[in-house]
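Q:
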Amino acid sequence: GFCIYGTGDSIRRVADLPVYSFKDEECFNKLIHKKCIGGILFARYENTREEEDRLLQYCKRSGLKTLIAPSISEADENGSFHQWVRPIKIEDLLGRSEIHINMEEVMTEFCGKVVLVTGAAGSIGSELCRQLAQMNIKKLIMFDSAESPLHNVRLEFEKNYPGLDFVPVIGDVRVKERLRMVFETYQPQIIFHAAAYKHVPLMEENPCEAVLVNVVGSRQVADMAVEYGAEKMIMVSTDKAVNPTNVMGCSKRLAEIYVQSLGCAIREGKVKGRTKFITTRFGNVLGSNGSVIPRFKEQIENGGPVTVTHPDIIRFFMTIPEACRLVMEAATMGEGNEIFVFEMGKAVKIVDLATRMIELAGYRPGEDIEIEFTGLRPGEKLYEEVLSDKENTIPTENKKIMIAKVRHYEYTDILDTYGEFEKLSRTVKIMDTVKLMKKVVPEFKSKNSPRFEVLDK
């Protein structure tokens with residue numbers, strides 16, 4: 155039969171099966187005992203997330219088995235309905251209404267094009283490659299410095315996309331000559347720049363490397379795109395670039411500044427070229443390499459404890475495919491020099507996330523598996539910025555996607571400064587590098603990072 159939240163007076167039967175209703179947990183427990191219910195199969199329906207969440211909590215406390223059904227489109231695409239019924243994962247609970255994009259427009263944008271993806275072996279880069287592989291592109295260039303992950307992506311694509319013309323290239327965005335060889339050889343028309351260092355504590359300890367990859371590397375990719383006449387470069391950025399409190403976030407803001415100012419200079423005729431530059435900012439990506447969910451899963455499998463930095467820390471989340479759809483949408487709708495941001499939904503308390511994951515694994519938080527608070531790490535915020543704040547954004551035709559209002563920089567004014575960034579970072583002048591970062595991005599105020607907080611005084 156069917157189970158719904160509410161009185162259920164209006165609907166008694168569907169497809170000649172009974173509809174059971176409940177108004178609270180007490181009624182739910184009476185229902186499952188009376189009808190000997192052993193499990194609940196959740197249907198995917200975007201307007202009932204709060205109801206699903208409440209029902210899932212009831213199920214967990216009652217010891218019921220919980221499964222999720224595929225959406226109708228998934229069932230149609232993948233054949234057997236039963237094959238795609240599976241246990242509920244934490245990603246199902248943290249999702250939101252799907253971003254709907256015009257696939258015809260996206261296909262038109264990329265069909266017959268040579269596309270370069272930097273960071274192609276990473277979480278975002280590899281998913282971008284998977285989506286591009288289905289868009290009838292002419293050639294896909296997968297560029298990454300990580301040998302084994304790129305090898306694994308190559309094996310996956312040889313198996314899953316035998317008709318795709320793709321080339322894995324080992325290379326580093328810090329090495330201009332290697333980039334030049336790639337652009338000279340393959341003449342990419344569209345570039346997705348996803349190569350980046352992203353881990354906040356590591357980059358706080360290694361700021362010159364953050365600048366070399368995220369700033370110098372992005373500049374070199376952008377310059378090559380212009381020199382070789384690419385149509386568009388889409389850069390993957392982060393919510394941590396907004397009012398940054400750490401080196402990583404500031405390095406991504408500096409990359410945004412460079413590509414946006416270069417694009418404006420081209421549009422104004424100050425720089426010769428035709429490349430359009432588009433930036434997309436995400437929140438945290440569920441299941442990405444090194445992210446919180448894989449770490450929590452491993453800790454739960456090992457019997458705990460599950461480590462959370464602070465009881466009040468919150469984050470915004472999106473799934474990897476969702477993030478990549480945003481990039482694809484930005485690539486098609488962008489006219490050039492925009493920074494697109496995403497309506498992220500509700501922030502998630504990380505301790506609640508840990509609790510839910512422990513429960514989904516069949517354990518009791520605080521009894522079977524402990525949650526341990528370890529303290530905020532260098533550069534870490536308690537609260538991330540709300541990307542979709544109406545005061546700081548301009549709406550687009552897609553209500554889930556907005557354009558950020560940001561300060562503009564003149565390309566000619568920053569050229570020498572970015573040369574100085576390269577010089578300082580290549581010679582590992584740590585304090586001078588961070589000092590210059592704070593000068594160019596005055597809103598960069600270090601947090602939980604005593605070494606660099608002194609520069610804010």
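If you count the sequence shown from 1, you need to add 154 to reach our numbering. The C-beta atom is built at its ideal place from N, Cα and C for all residues, glycine as well.
1. With burial defined as no fewer than 16 other Cβ atoms inside 10 Å of the residue's Cβ, what is the status of Q288: buried or exposed?
2. Can you grab the Cα-Cα spacing for the pair G193 / L210, in whole Å?
3. Indicate the three-state DSSP secondary structure (helix, strand or coil) for Y315 in the structure shown.
4. Can you list, in chain order, the stretches of the beta strand (DSSP E) that have 3 or more residues and sit fully within the region 477 to 563?
5. Tell me the rounded alpha-carbon separation between A419 and L356.
6. Please name the residue or residues paired with I432 in a DSSP beta bridge.
7. For D466, count neighbouring C-beta atoms within 10 Å of its own C-beta (all shown protein chains included) and say buried if the count is 16 or more, exposed if not.
8. Is the distance from the Cβ of S445 to the Cβ of S302 below 9 Å?
9. If you follow the alpha helix (DSSP H) that L590 is in, where does it begin and where does it stop?
10. Tell me, to the nearest whole angstrom, how far the beta carbon of G488 is from that of I432; I am working on the premise that it is less than 8 Å.
11. Between which two residues does the beta strand (DSSP E) carrying I324 extend?
12. Can you check whether the C-beta of P519 is within less than 9 Å of a C-beta belonging to chain D?
13. By the 10 Å Cβ neighbour count, where 16 or more other Cβ atoms means buried, how is E534 classified, buried or exposed?
14. Give the single residue among P398, G403, E359 and M335 whose Cα lies nearest to the Cα of Q374.
15. Measure the beta-carbon distance from E483 to N552 and round it to whole angstroms, keeping in mind my assumption that it falls under 8 Å.
16. Assess, as a yes-or-no matter, whether the region 589 to 608 is touched by the region 392 to 410 under the definition of 3 or more beta carbon pairs within less than 8 Å.
17. Rounded to whole angstroms, what is the Cα-Cα separation between V396 and I191?
18. When the Cα atoms are used, what is the spatial distance from N602 to E358?
19. Does the Cβ of F235 have 16 or more other Cβ atoms within 10 Å, making it buried, or fewer, making it exposed?
20. Could you check the C-alpha separation between K386 and T566 for me, to the nearest Å?
21. For Q341, which residues of its own chain have a beta-carbon under 7 Å away from its beta-carbon, when the five flanking residues on both sides are left out?
22. Would you report the Cα separation of T571 and E521, rounded to the nearest angstrom?
23. Express the C-alpha separation of K219 and F297 in angstroms, rounding to a whole number.
24. Which partner residues does I295 have in the DSSP bridge list?
25. Which term fits H347, buried or exposed, when burial requires 16 or more other beta carbons within 10 angstroms of its beta carbon?
26. Rounded to a whole number of angstroms, what is the C-alpha to C-alpha distance between K352 and Y517?
27. Quick check: what's the CA-CA separation for G458 versus Y537?
28. Would you mind giving the Cβ-Cβ distance between M511 and F450, rounded to the nearest angstrom? I have them listed as a contact below 8 Å.
29. Measure from the alpha carbon of K292 to the alpha carbon of each residue in L408, Q414, I344 and G217, then state which is nearest.
30. Just to confirm, is the Cβ distance from T434 to S372 under 9 Å?
31. Here's the rule: buried if 16 or more other CB atoms are within 10 angstroms of the residue's CB, otherwise exposed. What is L171?
32. Among residues of its own chain, excluding the 5 on either side of S216, which ones have a beta-carbon nearer than 7 Å to its beta-carbon?
33. Considering just the uninterrupted stretch of the alpha helix (DSSP H) at V413, what are its terminal residues?
34. On a Cα-Cα basis, can you pick out the residue from K189, P398 and R428 that is closest to E539?
35. Could you check what DSSP says for F182 in three-state terms: helix, strand or coil?
36. The alpha helix (DSSP H) with Y572 in it runs from where to where?
A: With the given structure in hand:
1. Exposed, by the Cβ-count rule.
2. 11 Å
3. Looking at Y315 - three-state DSSP - the assignment turns out to be coil, as it is neither helix nor strand.
4. With a minimum length of 3 residues, the unbroken runs of beta strand (DSSP E) contained wholly in the region 477 to 563 fall at 493 to 496, 525 to 527, 547 to 549 and 555 to 558.
5. 34 Å
6. DSSP output for I432 lists I388 as bridge partner(s).
7. Taking all protein chains shown into account, D466 has fewer than 16 neighbouring C-beta atoms within 10 Å of its C-beta and is therefore exposed.
8. In this structure, the beta-carbon distance from S445 to S302 does not fall below 9 Å.
9. I584 to V594
10. Approximately 4 Å separates the beta-carbon atoms of G488 and I432; this is inside 8 Å, confirming the contact.
11. F320 to I324
12. The question asks about chain D, but that chain is absent: this structure has only one protein chain.
13. Its Cβ being crowded by 16 or more others within 10 Å, E534 is buried.
14. Closest by alpha carbon: M335.
15. 6 Å
16. yes
17. 49 Å
18. 10 Å
19. Because F235 carries a pLDDT of 48, less than 50, the predicted location of this residue cannot be relied on, and no value is offered for it.
20. 21 Å
21. V268 and Y382
22. Their Cα atoms are separated by approximately 55 Å.
23. 43 Å
24. L270 and V321
25. buried
26. 32 Å
27. 25 Å
28. Distance from M511 to F450 at the Cβ level is roughly 5 Å; contact confirmed, criterion being Cβ atoms closer than 8 Å.
29. I344
30. No, Cβ-Cβ distance for T434 and S372 is not below 9 Å.
31. exposed
32. N183 and I186
33. Looking at the DSSP string, the run of the alpha helix (DSSP H) that includes V413 is V401 to R421.
34. P398
35. helix
36. Y565 to R580
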